[in-house]
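Using this note's numbering, the first residue of the sequence shown is number 14, and each one after it goes up by one.
Don't be surprised by glycine CBs; every beta carbon is placed ideally from N, CA and C.
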Amino acid sequence: MLATLVDEPFDDPNWIYEIKWDGYRVVSYLNKGKVEMRSRNNLPFNEKFKVIEAALVQWNIKAVIDGEIVALDEEGRASFQQLQNVLKHREDAHLVYYVFDILRYDGRDLTQLPLLERKQILKSIFPANDDRLRYSDHIVGKGKAFLASAVKHGLEGIMAKRADSIYEAGVRSGSWLKMKNNQRMEAIIGGFTLPRRSRKFFGAIVLGKYVGKKLVYIGHSGSGFDDNDLRELSRRFKSLITDKCPFETVPHTNEPATWLRPELVCEIKFSEWTKDKILRHPIFMGMRDDKKASNEKNEKMVKVDEKTMKVGRQELTLTHLNKVYFPKEKYTKGDVINYYHDIAPFILPYMLDRPQSLNRHPNGITGANFYQKNVAGKVADWVETYRFNSESQGAIDFMVCNGEASLLYMASLGCIEMNPWHSRTASPDNPDWCVIDLDPDGNPYDQVITVALVIKGILDELKVTACCKTSGATGMHIYIPLKAKYGYDQSRMLARLIVEMAHEDARIATYTSLERTPAKRKKKIYLDFLQNRAIQTLAAPYSVRPRPGATVSTPLHWEELKKGLKPEDFTIKNIFDRLKDVGDIFKPVLGKGIDLEKTVGRIEKMHA
Numbered sequence: 014m015l016a017t018l019v020d021e022p023f024d025d026p027n028w029i030y031e032i033k034w035d036g037y038r039v040v041s042y043l044n045k046g047k048v049e050m051r052s053r054n055n056l057p058f059n060e061k062f063k064v065i066e067a068a069l070v071q072w073n074i075k076a077v078i079d080g081e082i083v084a085l086d087e088e089g090r091a092s093f094q095q096l097q098n099v100l101k102h103r104e105d106a107h108l109v110y111y112v113f114d115i116l117r118y119d120g121r122d123l124t125q126l127p128l129l130e131r132k133q134i135l136k137s138i139f140p141a142n143d144d145r146l147r148y149s150d151h152i153v154g155k156g157k158a159f160l161a162s163a164v165k166h167g168l169e170g171i172m173a174k175r176a177d178s179i180y181e182a183g184v185r186s187g188s189w190l191k192m193k194n195n196q197r198m199e200a201i202i203g204g205f206t207l208p209r210r211s212r213k214f215f216g217a218i219v220l221g222k223y224v225g226k227k228l229v230y231i232g233h234s235g236s237g238f239d240d241n242d243l244r245e246l247s248r249r250f251k252s253l254i255t256d257k258c259p260f261e262t263v264p265h266t267n268e269p270a271t272w273l274r275p276e277l278v279c280e281i282k283f284s285e286w287t288k289d290k291i292l293r294h295p296i297f298m299g300m301r302d303d304k305k306a307s308n309e310k311n312e313k314m315v316k317v318d319e320k321t322m323k324v325g326r327q328e329l330t331l332t333h334l335n336k337v338y339f340p341k342e343k344y345t346k347g348d349v350i351n352y353y354h355d356i357a358p359f360i361l362p363y364m365l366d367r368p369q370s371l372n373r374h375p376n377g378i379t380g381a382n383f384y385q386k387n388v389a390g391k392v393a394d395w396v397e398t399y400r401f402n403s404e405s406q407g408a409i410d411f412m413v414c415n416g417e418a419s420l421l422y423m424a425s426l427g428c429i430e431m432n433p434w435h436s437r438t439a440s441p442d443n444p445d446w447c448v449i450d451l452d453p454d455g456n457p458y459d460q461v462i463t464v465a466l467v468i469k470g471i472l473d474e475l476k477v478t479a480c481c482k483t484s485g486a487t488g489m490h491i492y493i494p495l496k497a498k499y500g501y502d503q504s505r506m507l508a509r510l511i512v513e514m515a516h517e518d519a520r521i522a523t524y525t526s527l528e529r530t531p532a533k534r535k536k537k538i539y540l541d542f543l544q545n546r547a548i549q550t551l552a553a554p555y556s557v558r559p560r561p562g563a564t565v566s567t568p569l570h571w572e573e574l575k576k577g578l579k580p581e582d583f584t585i586k587n588i589f590d591r592l593k594d595v596g597d598i599f600k601p602v603l604g605k606g607i608d609l610e611k612t613v614g615r616i617e618k619m620h621a
């Protein structure tokens, strides 16, 4: 049974966690004093590990067991390097067989029993007086702390196993997961370079890792070899030499390279990955003759599909994280949740204490979506709600965003975009901003930009502060700060007066409209002032939009409104680089509100 590599640890009471031993996986067949030891790819191991064979003979049971043989250093830690030296008959070491599973016992097949039952049977019959054989114990539920402790102590990583899992021989299962200290890995040897100076045999090995079925270059290592390693590997390389480069793209090496058929697997220690996915400071630790290079094609790191995450006082269970939300880009639900986790400091000021209209896309942007306003009885007990009494619909319990936990909770419900009210629960009838929504209705975005600049000119004449942002879809939003000093009727009146003045401007009059009905406005840009009503919402600043490319509703400097600008220019992949450069330029929207009376007075003077 093989484990699936995952990218991060998780806590779950239904899973157990074991140390991932840095050695050779061995399945042993015991028959009352007769022992056969086999590697994962069925190589005989009796001759290599005679001291372990002797211990198993003395156990004198009839069983099939699974575990890992390791060599312990002076501090009692598993050392793969020492294990290599033992296999090359260069030194003695303290060999230990850590046994973690039992597949048969006294003629009975145990593979269909739950893992914990199998481990209980194994523990109950385990010899107590032989230090060469050790039961591999486990902890329950605490994967995150266990991996952190393993890394701290220099261990290779940990195993996570579903407590009720059966044993599936030869299968790479999602019921067994491995989480590695990311500074150790197995790599394919795809070539070697010429030696430099006094070096003999070869200079460095050229390393690769399968991505799907393609071998991708990940670096080259010239460190970690002694003279015997160089001689032995050079001998093994001879029969594998080929004219064809095995890598998907021919790598650049520091010396001329000789290519090899990709059949050898080695263990590499390294300091970190570079941005280009190249190993930094890779050091050869030894060969992995117990593993076939062809099997590496089937091993790929997968993201954990479910995890528990503590945010503040709340513990969130996030599920279906691998579900693809953006098919073209292959962005998943987990990617969207991670985005909102990272963008939280920027988006939360525009979300806090605001009822939300949930636009849920449980199957991503190509699946059906639905809007949910009333969440009564349908959300976690800790979620804050706000009751709004609608004349047509009666009482509606809106979800309220009160922090990062509720933001991520909404994302976990399939909310790709966030749609907050314009007002807060503390002042539900008084919006914090007045909005003007420019809806292009199929018109070029350059025209939307022209309309926005005309409105900006009017606002400048009125001495009114305003901010703009892409809608993230096809339009643009203009926000005017009110600081909850006025009602929705007054906010809507202000927006109407401004767009009426803009519509009269000869530069845009031919392609703008104040007509709400699309059929009547005949493909003109709609200057929408009616968004200024209770329970109406727009996509929040920095919200993702459920559109190809995973676009983001992005605040802009007015000076950036130039021909050629597109909403598609701003996505979840580049928004953080932008924020590093400009910060949150939408902050004035939450600042000092305008003086509406003075503003209306200036409008009257302009029309006098």
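- The beta strand (DSSP E) runs lying completely inside the segment 83 to 121 and spanning 3 residues or more are 107 to 118, given in chain order.
- Annotation for residue 433: 363, 364, 367, 369, 414, 550, 553 place their beta carbon closer than 7 Å to its own, counting only its chain and skipping 5 residues before and after.
- The C-alpha of residue 373 is placed about 5 Å away from the C-alpha of residue 383.
- Listed in chain order, the non-local C-beta contacts of residue 123 below 7 Å within the same chain comprise 115, 116, 117, 131, 134, local neighbours out to five positions each way being set aside.
- Between residue 478 and residue 601, the C-beta gap is smaller than 8 Å, which places the two residues in contact.
- Listed as beta-bridge partners of residue 206 by DSSP are 270.
- Spatial neighbours of residue 299 in its own chain (CB-CB distance under 8 Å, excluding positions within 5 residues in sequence) are listed in chain order as 93, 94, 96, 97, 279, 280.
- Judged by DSSP secondary structure, residue 26 falls within the beta strand (DSSP E) whose first and last residues are 24 to 32.
- In the structure shown, residue 583 adopts coil according to DSSP, grouped into three states.
- If the five residues before and after residue 461 are omitted, its C-beta is found closer than 7 Å to the C-beta atoms of 451, 453, 488, 489, 538, all from its own chain and listed in chain order.
- A direct Cα-Cα distance of roughly 14 Å separates residue 186 from residue 318.
- The beta carbons of residue 494 and residue 605 sit about 7 Å from each other, so the pair counts as a contact at 8 Å.
- Beta-bridge annotation (DSSP): residue 49 is paired with 42.
- For residue 189, there is no enclosing alpha helix (DSSP H); the enclosing beta strand (DSSP E) covers residues 185 to 193.
- Under a 10 Å Cβ-count criterion, residue 446 is classified as buried, with 16 or more other Cβ atoms of the shown protein chains found around its own Cβ.
- A check of alpha carbon separations from residue 167 across 193, 145, 144 identifies 193 as the nearest.
- The C-alpha of residue 607 is placed about 26 Å away from the C-alpha of residue 526.
- Distance from the CA atom of residue 207 to the CA atom of residue 265, rounded to whole angstroms, is 14 Å.
- Here residue 26 is exposed. Its C-beta has fewer than 16 other C-beta atoms within 10 Å.
- Secondary structure at residue 453: coil, using DSSP grouped into helix, strand and coil.
- Note on residue 425: 16 or more other CB atoms within 10 angstroms of its CB, so buried under the neighbour-count rule.
- DSSP lists 323 as the bridge partner or partners of residue 328.
- Within the same chain, 196, 197, 237, 295, 296, 298 come within 8 Å of residue 282 by CB-CB distance, once the 5 residues on both sides are set aside.
- Taking the C-beta atoms as reference points, residue 42 is found no nearer than 8 Å to residue 82.
- The Cβ-Cβ distance between residue 497 and residue 436 falls below 8 Å.
- As DSSP reads the structure, residue 199 sits in a beta bridge with 280.
- Straight-line spacing of the CA atoms in residue 151 and residue 202 works out to 34 Å.
- Under the Cβ criterion (8 Å, minimum of three pairs), the segment 317 to 333 does not count as touching the segment 53 to 69.
- For residue 162, the uninterrupted alpha helix (DSSP H) segment begins and ends at 156 to 165.
- Within the segment 460 to 542, the complete alpha helix (DSSP H) runs of at least 4 residues fall at 501 to 516, 531 to 534.
- Restricting attention to beta strand (DSSP E) runs no shorter than 3 residues, the segment 363 to 437 encloses them at 367 to 369, 371 to 373, 383 to 385, 398 to 403, 407 to 414, ordered along the chain.
- Following the DSSP letters along the chain, one finds residue 297 inside the beta strand (DSSP E) bounded by residues 296 to 300.
- Counting the other CB atoms within 10 Å of its CB gives residue 620 a total below 16, which places it among the exposed residues.
- Assignment of beta-bridge partners to residue 79 by DSSP yields 40, 114.
- For the 8 Å CB-CB criterion, residue 227 and residue 268 do not form a contact.
- Secondary structure at residue 68: helix, using DSSP grouped into helix, strand and coil.
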